[in-house]
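K.L.:
Before I ask anything, let me first share the structure, which is written out below as structure tokens.
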Amino acid sequence: MSWFFLRSQSTMLALAVFLLLLTQTTAGWSKPDSWKTHGGGCIAREREALLSIKAGITADPERLLSSWRGQDCCQWEGIRCSNMTGHVIELDLHARYIRSSLKGEISSSLKTLQHLQHLDLGGNYDLTGPQGRLPDFVGSLSDLRYLNLSGLIFSGTVPHQLGNLSRLRYLDLRSYGLYSEDLRWLSQLSLLKHLDMSFANLSAVIGWVDTVNMLSSLEVLRLSTCSLITTNHYMPRSNLTRLKILDLYRNSIEMQFDAISWVWDASSLKYLNLEFNGIYGVFPAQLGNLTSLEVLKLRENHIKGMIPDTLTSLCSLRIFELAYNDVQGDVTEFIERLPKCSWSRLQELHLGHNNITGSLSDWISHMTSLSTLDLSFNKLIGPLTTAIGMLSNLIYLNIGYNQMDGLITQEHFSKLTELQELHLSGNSFTMKLNSDWIPPRRLLTLGLRSCYLGPRFPQWLKSPKNISYLYMSNASIADTMPDWFWTVFRKADVLDLSNNNISGTLPATLGQMDTSFLDLSSNQFIGPVEQLPQNITTLDLSRNSLSGALPLNVRWPLLIDRLLLFDNHFTGTIPASLCQMKLLTLLDIRNNMITGQFPRCSENVASSSGTVPSNIASVDSDSSSEISSSMSIQTLRLNNNSLSDEFPLILQNCPELTFIDLGQNRFFGSIPPWIGEKLPQLKFLSLRSNMFSGYIPTQLRGLRYLQYLDLAHNNFSGTIPRSLLNMDGVTKTTELAARDYPSSTSSDMATVDDGITVVDDPQHPGGGYEYAMIASIFVVTKGQGREYIGRFIDIVSLDLSCNHLTGNIPESIGPAAGLVNMNLSLNHLTGKIPENIGSMHSLESLDLSSNQLSGEIPPGLSDLTSLSYLNLSYNELSGRIPSGHQLDTLNPSDPASMYIGNAGLCKPPLQKSCPGNHTAESHFTASKEGSEAMPFCFGLSVGFVVGLWVVFCSLLFKKTWKASYFRLFDKVCDKIYVLVVVNWARMTRKPTTKD
């Protein structure tokens, strides 16, 4: 008891001493002049600094600083003071929303707040001042623990003074404008736990791994989109054992996967993102060391092979992203190598765009937590297992563009109540669903391209109310479009029903739909198009039988991007509302019956054709002249109509034009000289079969990317400009690499038709769409018309045929090494064929027929190894026809037709021999016969000598043969001798007479 009493007394004594010292200390703190409270707990000097910071802010949309008044700054919004000292220790002015960003600059008075521990200005992208630099005085806040300047659009280098912040735990400098060549200052931040420098340019930094490895306390490292380069430095030991998040998304790290040695020791790592790099090789077995891993993202690398069998301990794995690699092997084996302890936890599995084979089996039913499954663009076969219907948490299912088949029944959707995106396109599934089947109620995206839904229009589409993206092209539907379709899908964003056999008319209520992308091409729709959806941006009604006026009167003309109306029966003129479509990039109305002129689009065109949305009008309403003068069109196809006008003047206000086809119309006049200056991007120009006249302007030289020029069947006169064939598009073949548009299911694109290609494999998680323009162009080459189809057309062609051109073919034609087709026929060209024509190594078709060309055919023609068509007929050529190489193989059925109509030509394949060369030809024939006899004589002599030596050598080395030979020789000689003597005696004996 006494012991307890004594202990209590000592404790109370110690407490009294402590309180006395604390009182004296706080009394001392009240002495300096720097802390004058004036009735509040705020230090005056720091309050003045805060007011100076406020003065540097010129705009405060959310009135965040409205509370910054009065004496006690510790009560102001975003300010926190120490309860012990009264100093400002936290300044948090981060932007809550994009529009709440403060504007102005960070005042240098910030460095007065020397006790600041927490500084958060994140999201204030406009708080960078006129210089836009990250202020280096931030590095003087030595007590700082937390620094967030993310989202501020800085420019310039990251100040090395930040290395002075030795107490810093959290550093976020995410900014698109920052760069650094040296990160060694980071090594001084030994207490740092969180580092984010995403989007800063660190391409010049060498040894960044070594620097980061010195931060042993680091738990979060985010360096995404920093242009980091390959590091092949082997690190025997990693200090990053506490690392939990590593994000190196979209860099330039090109190295073998197993060489990232500094990662494998981070046993606490939960998040690893190496997407969009150049990592290659096989999966390293060391992946199994990351036993805490929950998220593994390896999308868009060059990793190949099968995942290792060492992943059995990754029981926490929730997200596995491997799309766009070269993963190989059977899908069942892949799943078996995933840790079975994670099957029930796995939420996302992304394996699209690989080389995975096999078929889906019932293993899928064990992944009960799966919300996303992407197996698209692989080589899977067989039917879709009905076990997929057991995944009640599934939100996204994409098995599109494989080689699967079989039936899809209601059993496949038995428990998919949460499904929002379903992609079955690019397979051969047969949809066997009852007409009263109700799709999952949350379904937003439905991709059934190339699946068999027909022949009747599927009635179960009546039920879904929320589908925004519907892809049903090439679905074997041959039926009339039901009226209810337009009502059910009135709010849909994307509707693709192309390449079917759907008939009917378009409803008058089409203008009430909210659809932005509508593709009804290659069907059997008839009748007029009275209205278009009010939000339409891309419209494809091509290859139908629609009639009436062109449907160009839309509510929001500034939203229109692409219009494809070709191969229909539209009549009338092109309405002036086209002039309001300032964002239109593609207009294709070929193969219709359009008449009249192209709209003038003068500056005083009223905007009465459509009301401009307020958000767009605010941008363009400043100047009516800007609205009417600038257009974004890139592809213009008006061919095969009945338009009658001069070359459209409005095109000089379309600087992005790359493709113009005005062929098969009634355009007249001359080619304007401004074409070379105003259309600098032009690659394809076809004015074929019109009534253009005048000279070919030399200003075409300005079209440096031109690769296709067709002026055939017009009334052009004058000479061919010398510079016409020296354009970059013709001479630089490397810029025109052959790239055929893919037609197999291995491609991301869904069709190979001329027009819009819709891909229901959206990159956007919410279910967007992609599209690409598939171009086609008609070319007269090799004596016949051919249509080239593809996303990238590499035909390099010049066709000036059927005009009234005169003069010589310019000598400068020689350097045109990239030219594939040249047709100058049916003109009045004179002079000789250029001698250096042999330098056109890419030439496949050459037609110079029906001109007045004279002289000899250049022997260099035989050097054109790619040549497969030649026509020099009906000219005034003379001399010998060159032979050899490619020329001897052209037109084997009638080779003389290439040269017919040239009276002065001689030598085969013509029957005419060259005059004055008969003796020489006889001598040549005799020499040829002698040369043919020489091999026979030579062979006979060689055979005789060889045979003689064979017999001689046999007798020399074979004694038995030699003895037999000589005995036979002696015997034969004896017989011959006796025979000769007896016969000689008989002949010389005198006859005796008998009495």
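Under mature numbering (1 follows the signal peptide of the UniProt record, and there is no 0), the residues of the sequence shown are numbered -27 to -1, 1 to 968, in order. For every residue, glycine included, the Cβ atom is placed at its ideal position computed from N, Cα and C.
In whole angstroms, what is the alpha-carbon distance linking Glu19 and Met486?
P.N.:
Approximately 60 Å between the Cα atoms of the pair.
K.L.:
Would you mind working out which of Leu247, Thr671, Ser160 sits nearest Asn186, comparing C-alpha positions?
P.N.:
With respect to the C-alpha of Asn186, the residue from Leu247, Thr671, Ser160 having the closest C-alpha is Ser160.
K.L.:
With a CB to CB cut of under 7 Å and the five nearest residues on each side skipped, what residues in its chain are close to Gln432?
P.N.:
Listed in chain order, the non-local C-beta contacts of Gln432 below 7 Å within the same chain comprise Ser408, local neighbours out to five positions each way being set aside.
K.L.:
Please list the segments of the alpha helix (DSSP H) lying wholly inside the segment 304 to 391, counting only runs of 4 or more residues, in order along the chain.
P.N.:
304 to 310
K.L.:
Compute the Euclidean distance between the alpha carbons of Ile693 and Leu773, then round it to the nearest angstrom.
P.N.:
9 Å
K.L.:
Enumerate in chain order the residues of its own chain whose CB-to-CB distance from Ala(-1) is below 6 Å, with the five nearest sequence positions on each side excluded.
P.N.:
The pLDDT assigned to Ala(-1) is 36, lower than 50, so where the model puts this residue is not dependable; a value taken from the coordinates is nonetheless given after this. Taken in chain order, the list of residues that qualify is empty.
K.L.:
One question on the structure: do Glu391 and Ser349 come within less than 8 Å of each other, judged by their Cβ atoms?
P.N.:
no
K.L.:
Going by DSSP, what residue range makes up the beta strand (DSSP E) through Ile606?
P.N.:
Note, Ile606: premise wrong, no beta strand (DSSP E); not H, not E.
K.L.:
Given Gly399, which residues of its chain have a CB within under 6 Å of its CB, disregarding the five upstream and five downstream residues?
P.N.:
Gly373, Tyr374, Ser423, Thr718
K.L.:
What three-state label does DSSP hand Gln229 in the structure shown?
P.N.:
Gln229: strand per DSSP, three-state reduction.
K.L.:
Specify the secondary structure class of Val752 as computed by DSSP and reduced to three states.
P.N.:
strand
K.L.:
Would you list the one or two residues that DSSP bridges to Glu63?
P.N.:
Arg53, His91
K.L.:
Leaving out five residues before and five after Arg157 in sequence, what residues of the same chain have Cβ atoms less than 7 Å from its Cβ?
P.N.:
Thr184
K.L.:
For residue 974 and Gln859, I'd like the C-alpha separation in whole angstroms.
P.N.:
Residue coverage of the chain in this structure runs from -27 to 968, which leaves residue 974 outside it and unanswerable.
K.L.:
What's the C-alpha gap between Gly102 and Phe256?
P.N.:
48 Å
K.L.:
What first and last residue would you give for the beta strand (DSSP E) that runs through Ala32?
P.N.:
30 to 32
K.L.:
With DSSP as the reference, label Ser666 as helix, strand or coil.
P.N.:
In this structure, Ser666 counts as strand in the three-state DSSP scheme.
K.L.:
If you check the beta carbons only, do Ala360 and Asp335 fall under 8 Å apart?
P.N.:
yes
K.L.:
Would you mind giving the Cβ-Cβ distance between Leu658 and Ile633, rounded to the nearest angstrom? I have them listed as a contact below 8 Å.
P.N.:
5 Å
K.L.:
Spell out whether any CB of chain B is found under 8 Å from the CB atom of Asn298.
P.N.:
Absent here is chain B; the protein component of the structure consists of one chain.
K.L.:
Please identify the residue among Gly477, Asp452, Pro480, Ser489 whose C-alpha is closest to the C-alpha of Tyr442.
P.N.:
Selected option, being the one with the closest Cα: Ser489.
K.L.:
Assuming the contact rule is C-beta atoms closer than 8 Å, Asp452 and Ser471 should be a hit. Round their C-beta distance to whole Å, please.
P.N.:
Not really, about 15 Å apart at Cβ, beyond 8 Å.
K.L.:
For Ile547, does the count of other Cβ atoms within 10 angstroms reach 16, so buried, or fall short, so exposed?
P.N.:
buried
K.L.:
Give the DSSP bridge partners of Val915, in chain order.
P.N.:
Val915 pairs with nothing; no bridge assigned.
K.L.:
Can Tyr297 and Arg318 be called in contact, C-beta distance under 8 Å?
P.N.:
No, these two residues do not count as a Cβ contact at 8 Å.
K.L.:
Restricting to Cα atoms, I'd like to know which of Asn439, Gln607, Gly636, Ser176 is closest to Glu619.
P.N.:
Distance from the Cα of Glu619 is smallest, within the candidate group Asn439, Gln607, Gly636, Ser176, for Gly636.
K.L.:
Please state if the CB of Leu834 and the CB of Met871 are separated by a distance shorter than 8 Å.
P.N.:
no
K.L.:
Taking Tyr668 as the reference, which of Met228, Arg695, Tyr681 has the closest Cα?
P.N.:
Of the listed residues, the one whose Cα sits closest to Tyr668 is Arg695.
K.L.:
Please report how far the alpha carbon of Leu682 lies from the alpha carbon of Leu655, in whole angstroms.
P.N.:
Each residue's alpha carbon lies about 10 Å from the other.
K.L.:
Check whether the segment 192 to 199 touches the segment 216 to 228, taking contact to mean three or more Cβ pairs, one atom from each stretch, closer than 8 Å.
P.N.:
yes
K.L.:
Drop a sphere of 10 angstroms on the beta-carbon of Lys555, count the other beta-carbons inside from all chains shown, and report buried for 16 or more, exposed for fewer.
P.N.:
Counting of Cβ neighbours within 10 angstroms places Lys555 among the buried residues, the total reaching 16 or more.
K.L.:
My output table needs one value for Met871: the three-state DSSP class, helix, strand or coil.
P.N.:
Three-state result, Met871: helix.
K.L.:
Would you tell me roughly how many angstroms separate the C-alpha atoms of Gly12 and Arg53, rounded to the nearest one?
P.N.:
Any answer about Gly12 is weak, because its pLDDT of 38 lies below 50 and its placement is not dependable; what the coordinates show is given next. So the alpha carbons of these two residues sit roughly 18 Å apart.
K.L.:
Where Ile810 and Pro831 are concerned, what is the direct C-alpha to C-alpha distance, given to the nearest angstrom?
P.N.:
8 Å
K.L.:
Express the C-alpha separation of Asp867 and Arg883 in angstroms, rounding to a whole number.
P.N.:
First, the residue type needs correcting, since residue 883 is Leu and not Arg in the sequence shown. The alpha-carbon atoms of Leu883 and Asp867 are separated by roughly 10 Å.
K.L.:
Measure the C-alpha to C-alpha separation of Gln625 and Ser603 and round it to an integer number of angstroms.
P.N.:
9 Å
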